[in-house]
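Chemist: The structure's right below; bear with me while I get my questions together.
Chains as they are written, first to last, in this note's numbering: chain A, 341 to 522; chain B, 2 to 75.
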């Protein structure tokens, strides 16, 4: 099964972002990489259903999301509190995303309902338009917009931020910076 | 390759400190500065993974699927 070189490049260039999205969905790097691998296998097995000229990245995200959802539903029977479980699995691996400075943010993110988290990531981090995100999630554009808004509001609540000033690793750092800076 | 690039983000503190407390106390709507900072953190977190590039296993997978025996390209 030889594929067009441009297709191969497009698929590979989508991988880093697919991984980041997968990690945000399942909260576990190893599981996320398996999810990406399964996505690539599915995508390449059905490559003829990809419409040249359309967004390869969005197509792959759609496959990954659908695959995750169907797997997730299967596993749901085993795991009662699925969002709580997700939050816990993120907390138990604080360094998998990297810097500790994101810990608080990550934990807040993990507490969002999964549809809100997903919408926020797609629009706010993956860089998809509302329309593309709606296509990926199979819902209306307005639904994505309201999910993103609710996600932002809830995040701000969870992080106790009312203004940009409230952001930051901790009070001490803020105090030091405030006293030292002009 | 697993080399990680540091996330090239500006010091979040500077941005937060220099900006002033024109915080609107309206509870319902988020200020633009808050939205911007949330967005920044979200992207910084996401980009940490993105900046790891394509792990070998995926390069190998794609190459393998692209024709097992074709060792020398075209």
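C-beta: ideal position from N, C-alpha, C; glycine also. Predicted model only: the values in this text are computed from it and were never measured.
#1: In terms of alpha-carbon separation, which member of A:412, A:499, A:396 and A:445 lies closest to residue 44 of chain B?
#2: Could you give the distance in angstroms between the alpha-carbon of residue 41 of chain B and the alpha-carbon of residue 351 of chain A?
#3: Specify the secondary structure class of residue 40 of chain B as computed by DSSP and reduced to three states.
#4: Anyone know if the C-beta pair for residue 404 of chain A and residue 66 of chain B falls short of 9 angstroms?
#5: Using three-state DSSP, classify residue 376 of chain A as helix, strand or coil.
#6: Count the other CB atoms, across all protein chains shown, that sit within 10 Å of the CB of residue 1 of chain B; report buried if there are 16 or more and exposed otherwise.
#7: Shorter than 9 angstroms from the beta carbon of residue 371 of chain A to some beta carbon of chain B?
#8: Suppose the cutoff is 8 angstroms on Cβ atoms and the five residues either side in sequence are ignored; what does the same chain contact list for residue 75 of chain B look like?
#9: Below 8 angstroms on the Cβ atoms is my guess for residue 358 of chain A versus residue 401 of chain A; work out the distance and round it to an integer in Å.
#10: Please classify residue 453 of chain A: does DSSP put it in a helix, a strand, or coil?
#11: Roughly how many angstroms separate the alpha carbons of residue 8 of chain B and residue 413 of chain A, rounded to a whole number?
#12: May I ask you to report which of helix, strand or coil DSSP gives residue 76 of chain B?
#13: Of all Cβ atoms in chain B, is any one closer than 9 angstroms to the Cβ of residue 484 of chain A?
#14: Span of the alpha helix (DSSP H) holding residue 476 of chain A?
#15: Strictly below 8 angstroms CB to CB, what residues from chain A border residue 44 of chain B?
#16: Residues in the same chain with beta-carbon distance under 8 angstroms from residue 476 of chain A, minus the five sequence neighbours each way, listed in chain order, please.
#17: What residue range does the alpha helix (DSSP H) around residue 64 of chain B cover?
Modeler: Put simply:
#1: For this step, residue 44 of chain B is matched to residue 43 along the second chain. It is A:445 whose Cα lies nearest to the Cα of residue 44 of chain B.
#2: Taking the second chain and counting its residues from 1, the one referred to as residue 41 of chain B is at position 40. Taking the first chain and counting its residues from 1, the one referred to as residue 351 of chain A is at position 11. The straight-line gap separating the alpha-carbon atoms of residue 41 of chain B and residue 351 of chain A is approximately 26 angstroms.
#3: The count along the second chain starts at 1 and reaches residue 40 of chain B at position 39. Helix, per DSSP.
#4: One-based indexing of the first chain puts residue 404 of chain A at position 64. One-based indexing of the second chain puts residue 66 of chain B at position 65. No, they are not a contact pair.
#5: Counted from its first residue, the first chain places residue 376 of chain A at position 36. Look at residue 376 of chain A here: in three-state DSSP terms it is helix.
#6: The shown model of chain B, from 2 to 75, leaves out residue 1 of chain B, and the question about it has no answer.
#7: Position 31 of the first chain, counting from 1, holds the residue named residue 371 of chain A. No, its Cβ sits nowhere closer than 9 angstroms to a Cβ of chain B.
#8: Counted from its first residue, the second chain places residue 75 of chain B at position 74. Legend: pLDDT at residue 75 of chain B = 43, less than 50; position of this residue unreliable, no value from coordinates given.
#9: Locating residue 358 of chain A in the first chain gives position 18, where the first residue counts as 1. Locating residue 401 of chain A in the first chain gives position 61, where the first residue counts as 1. At roughly 7 angstroms, the Cβ-Cβ gap stays under 8 angstroms, so residue 358 of chain A and residue 401 of chain A are in contact.
#10: Mapped onto the first chain, residue 453 of chain A falls at position 113. In this structure, residue 453 of chain A counts as coil in the three-state DSSP scheme.
#11: Residue mapping note: residue 8 of chain B aligns to position 7 of the second chain, counting from 1. Residue mapping note: residue 413 of chain A aligns to position 73 of the first chain, counting from 1. Any reading at residue 8 of chain B must be qualified, since the residue scores a pLDDT of 44, below 50, and its modelled position is unreliable; the value itself is stated next. In this structure, the alpha-carbon of residue 8 of chain B lies about 35 angstroms from that of residue 413 of chain A.
#12: Since the displayed chain B opens at 2 and closes at 75, residue 76 of chain B lies outside it and no answer follows.
#13: Residue 484 of chain A sits at position 144 when you count from the first residue of the first chain. Not one chain B Cβ lies under 9 angstroms of residue 484 of chain A.
#14: In the first chain, counting from the first residue as 1, residue 476 of chain A sits at position 136. Per DSSP, residue 476 of chain A belongs to the alpha helix (DSSP H) from 470-477.
#15: As a working mapping, residue 44 of chain B is identified with position 43 in the second chain. Within chain A, the residues 464 and 465 have their CB atoms less than 8 angstroms from the CB of residue 44 of chain B, given in chain order.
#16: What you label residue 476 of chain A is simply residue 136 of the first chain in a count that begins at 1. The answer, listed in chain order, is 398, 401, 402, 405, 462 and 468.
#17: Position 63 of the second chain holds residue 64 of chain B. Counted as a single uninterrupted DSSP element, the alpha helix (DSSP H) harbouring residue 64 of chain B occupies residues 57-66.
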